[in-house]
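Just so we're on the same page, the working numbering is the position in the sequence shown counted from 1, plus 75.
Report on one structure; see the data block that follows.
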Amino acid sequence: MFFAIFARENRQKHKAMKFTWIPFYKEFASKLMQFRNDRKELRKLIHDHKDELYADYVFASKDIDPFTVFGIFNRGLDDDKRNAIAEVFKQLLKMKKAVPKDFAGIPVLNNLKACFFGFGKDQKEGDIERLWQLFEKALNGEDFGEVFDAVRGQYGVKFNITMGLYWIRPDEWLALDSCNRSYLKEIYGIKTSSNLPDYKGYTEYVDEVRQKMKSKKMKEKSFCELSVNAWRWMSDKDQTSDTKAEDDSFYSEYTRILRKRQCVVLQGAPGTGKTYCVPELVTRLCLEDGEELPASRGEIISKYNELKREGRVVFATFHQSMDYEDWMEGLRPVVNDNQVTYEIATGVFKALCERAERPLPAKEGAAIREDATVWKVSLYGTGENPIRTDCLKNGYIRIGWDKYGKDIAEDTDWSLYKEKGKGVLNAFINNMRTGDVVLTCFSSRTIDAIGVVTGDYEWHDELSTYKRVRKVKWLVKGIDEDIVKLNDGKTMMGTTVYKLNDITMDKVKTLLDAHKAGKVLNDNTRPYVMVIDELNRGNISKIFGELITLLEADKRKGREAEESAWLPYSKKPFSIPPNVFVVATMNTADRSLGTLDYAVRRRFAFLSVKPRELDCEGFQADLFRKVSELFISNYDEYATSGFDDTIELRRAETLSEEYRPEEVWPGHSYFIMHDEQDIRDRLRYEVIPLLEEYIRDGVLTGDAEQKVNELRNWPGDESSLS
């Protein structure tokens, strides 16, 4: 089933193994030593910030050891939470090293066994003191054989102590967590006993691994690399081929529908993972020919974020105050010299469409940038002249204002010329970039050459005049092209250099193709995606306006039934490019669902995302089942089927007749909980408030309130935990 991808969330998350955590961990270990003889102060420091550190569990003992403190941010928590805890410790201990950007290669504690000492009768006199002795000796590079052998017999220690040694000295000591032990045994045939060996056995094992690394009998060069590879190997091993096949089947089918319809809505109840699905769905859509889907969730997110940085994916959340001006275009006030004027501002969707229309530079063509600016340049003036002849012959453009000298500055005296030239020189020197396109003005209506800028600003003192130079590769020259129509009916101004905002790159391509400039620009066929979260929270008619019709696949630009709309502010025709896609999410429990009328529904394919059990660490299956039975009466049938979408969900007696179960049934993401505190927090602040809201709204009826109240004491005892 596709949501088993949650089990892969941290798999291969840290592709580039930079191990940014090591300096922070070493400094943290040194900082803890200031509490060696003042453990009450350390315990108080943590207690005073226990909510920020998620550290309630450590206070069942009146003492505390340094390994357990390390374990506070080395448990089975997500990286964001671990990062936040590390940031709190950095402030409390006045640390200088940066908080880790990654946690690659760090074995973590079981959340239910995160202390290195026992409680009550399980804690013997001297247990915590011996942990401090071991910590101190290991940190100082001293022999700790005797205290190691004493500690290994203490309650709650076992192999965890080797993880603690690795945290403070990862270059010296190998963690013998179950993942590393299995990896070394099955991949390299290096075995150890099922129990923690004594100091002699442990050091011999570490030395054997280190020697194999030095002799290149192992591909890893450090214990950190080994831990990363072991985790990846174990994650791949745990991800069964059946689960992968079901994941691929789900995403392949939904990607196929997205390509066909171009506009889809992922609909489902809260917590079903609608937004979670978006990065993989979008990434699959945007893969280039021959490009493989990233292997892990972390790499998929990285690819998705890269697409956003490139401007190929734009994320927006709909809300009641969003309107057409935000989406397409509107007037924006601009203040200049205490005067307010209005200019047309481009909305998020129109901007995406404009990027999707921009042709792409051909690999074998001139080095035009993807986001190139088109400039008008006058070469001395209009008509034939010596400067124009020189520029076209020698591959550059030249402008004057030579009296100002090579460089311009804030204190430049701009009174030397009647036409002061500040704006032109700033454009030519600072704003024009390599890869931009220049059109040379021959008259107010015509151009005689098109080129691409190939160099930075230069000052050529050997020239008698017009000493400011930029090198250009001429794509076509000696032409006589009237561009008024392409320039939206405007003739060119007399200004020497300025942006031709109305000459887009697709128009430049039209000019180049007409003059047979060769393979310079290609049509853009790459997918561009508008991601809309909470689609039904916005006023769709108000946001889309007349564009709702243009969303249909067959009405896109260049298609058989192409349609366009006349934009109210820019007074230009607009059509949606064929390579623009829309992926939206919709919460079906939100009663604003009624705002999606039939006109909207005809333009989107609606893809349902339903609750289901997850095969991942921390998923509380028993609690999920108990809550699910408030909404459906045939849970066993649905679960036995493998949560098959074709199984009819029968309404539970506690669910109102007005609702279908899949519209309101809380999804699986609510039930990923890693320890007892996490369970209590999720229930108290997320699950129960949602169920209470359902009761107030009449979604849940009958004895639902009594059943919800029973959840307040969950899990009751530890045996209830998954």
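C-beta: ideal position from N, C-alpha, C; glycine also.
Since the structure is predicted, the reported quantities are computational estimates derived from the model, not experimental observations.
Start and end residues, alpha helix (DSSP H) containing residue i
| i | result |
| --- | --- |
| Gly-146 | 141-146 |
| Leu-382 | 372-384 |
| Pro-354 | 349-361 |
| Phe-99 | 96-107 |
| Pro-736 | 736-739 |
| Asn-235 | 235-243 |
Simplified DSSP assignment, three categories, for residue i
| i | result |
| --- | --- |
| Cys-190 | coil |
| Cys-691 | coil |
| Ser-310 | helix |
| Asp-511 | coil |
| Asp-557 | strand |
| Asp-608 | strand |
| Thr-521 | strand |
| Asn-112 | coil |
| Gly-496 | coil |
| Asn-662 | strand |
| Phe-718 | coil |
| Leu-184 | strand |
| Phe-219 | coil |
| Asn-597 | strand |
| Asn-788 | helix |
| Gly-569 | coil |
| Ile-504 | helix |
| Glu-712 | helix |
Rounded distance between the beta-carbons of residue j and residue i, thought under 8 Å
| i | j | result |
| --- | --- | --- |
| Val-388 | Val-606 | 6 Å |
| Phe-649 | Ala-640 | 5 Å |
| Ala-179 | Val-284 | Going by Cβ atoms, the distance from Ala-179 to Val-284 rounds to 19 Å, so no, they are not a contact pair. |
Close Cβ partners of residue i (< 7 Å) along its chain, the five nearest in sequence each way excluded
| i | result |
| --- | --- |
| Ala-592 | Leu-550, Val-551 |
| Phe-855 | Nothing about residue 855 can be read from this structure; the chain reaches only from 76 to 797. |
Reference residue i; option with closest CA among the options
| i | options | result |
| --- | --- | --- |
| Tyr-329 | Asp-131, Ile-747, Ala-664, Val-658 | Val-658 |
| Gly-569 | Lys-493, Thr-487, Gly-456 | Gly-456 |
| Pro-175 | Ile-578, Trp-96, Lys-594 | Trp-96 |
| Leu-575 | Asp-536, Lys-594, Asp-598, Thr-515 | Thr-515 |
| Glu-533 | Leu-117, Glu-116, His-394, Arg-473 | Arg-473 |
| Lys-425 | Gly-620, Trp-489, Phe-103 | Gly-620 |
| Ile-525 | Glu-367, Gly-553, Leu-301 | Gly-553 |
| Glu-162 | Gly-693, Tyr-100, Ser-396 | Tyr-100 |
| Gln-208 | Asp-197, Glu-200, Phe-223, Lys-196 | Phe-223 |
| His-60 | Leu-152, Asp-588, Pro-436, Pro-98 | The chain is shown only over 76 to 797; residue 60 falls outside these bounds and no answer can be derived. |
| Pro-245 | Cys-299, Asn-270, Cys-254 | Cys-299 |
| Tyr-64 | Ile-243, Val-499, Cys-190 | Lying before the first or after the last residue shown, residue 64 is absent from the chain, which here runs from 76 to 797. |
| Asp-446 | Lys-438, Pro-434, Val-452 | Pro-434 |
| Thr-350 | Gly-773, Lys-115, Thr-729, Gly-742 | Gly-742 |
| Arg-735 | Phe-706, Ile-754, Tyr-710 | Phe-706 |
| Lys-546 | Asn-469, Thr-721, Pro-408, Arg-725 | Asn-469 |
| Pro-354 | Thr-347, Asn-380, Arg-430 | Asn-380 |
| Pro-686 | Trp-740, Phe-192, Glu-712 | Trp-740 |
| Thr-540 | Leu-491, Asp-555, Asn-599, Pro-461 | Pro-461 |
| Arg-759 | Arg-787, Asp-598, Ser-297 | Arg-787 |
| Thr-509 | Asp-488, Asp-126, Gly-496, Val-544 | Val-544 |
Span of the beta strand (DSSP E), counted from its first residue to its last, around residue i
| i | result |
| --- | --- |
| Arg-473 | 471-474 |
| Ser-253 | Not the beta strand (DSSP E): Ser-253 falls in the alpha helix (DSSP H), residues 253-263. |
| Lys-632 | Run containing Lys-632: none; DSSP gives neither H nor E here. |
| Lys-574 | 572-574 |
| Ala-680 | 680-683 |
| Gln-342 | 338-343 |
| Ser-616 | Per DSSP, Ser-616 belongs to no beta strand (DSSP E); it is in the alpha helix (DSSP H), 615-619. |
| Trp-450 | 449-453 |
| Val-783 | It is not in any beta strand (DSSP E) - Val-783 instead sits in the alpha helix (DSSP H) that spans 779-785. |
Same chain, Cβ closer than 8 Å to residue i, five either side skipped, listed in chain order
| i | result |
| --- | --- |
| Ser-645 | Glu-404, Ile-419 |
| Pro-369 | Thr-358, Ile-375, Ser-377, Lys-378 |
| Leu-406 | Glu-400, Tyr-417, Glu-418, Ile-419, Ala-420, Tyr-644 |
| Ile-623 | Ile-615, Ser-616, Ala-674, Val-675, Arg-678 |
Neighbour flag for residue i against chain B, beta carbons, 8 Å
| i | result |
| --- | --- |
| Asp-282 | In the displayed structure, chain B is absent; only one protein chain is listed. |
Close-in-space but distant-in-sequence residues of the same chain around residue i (CB under 6 Å, 5 per side omitted)
| i | result |
| --- | --- |
| Lys-88 | In this prediction, Lys-88 has a pLDDT of 41, which is less than 50 and means its spatial position is unreliable; nothing more can be read from the coordinates. |
| Cys-338 | Leu-626, Val-657, Arg-678, Phe-679 |
| Thr-315 | With a pLDDT of 42 at Thr-315, under the threshold of 50, the predicted position of this residue should be treated as unreliable, and no value is reported. |
| Arg-118 | Ile-139 |
| Asp-577 | Asn-562, Asp-563 |
| Arg-631 | Ile-651, Pro-653 |
| Leu-668 | Here the model assigns Leu-668 a pLDDT of 47, short of 50, so the residue's position is not dependable, and the following value carries that caveat. Around Leu-668: Asn-611. |
| Ala-431 | Tyr-603, Pro-652, Asn-654, Val-655 |
Any non-hydrogen atom of the ligand MG closer than 7 Å to residue i Cβ
| i | result |
| --- | --- |
| Arg-687 | Among the ligands in the structure shown, none appear at all, so the ligand MG cannot be discussed. |
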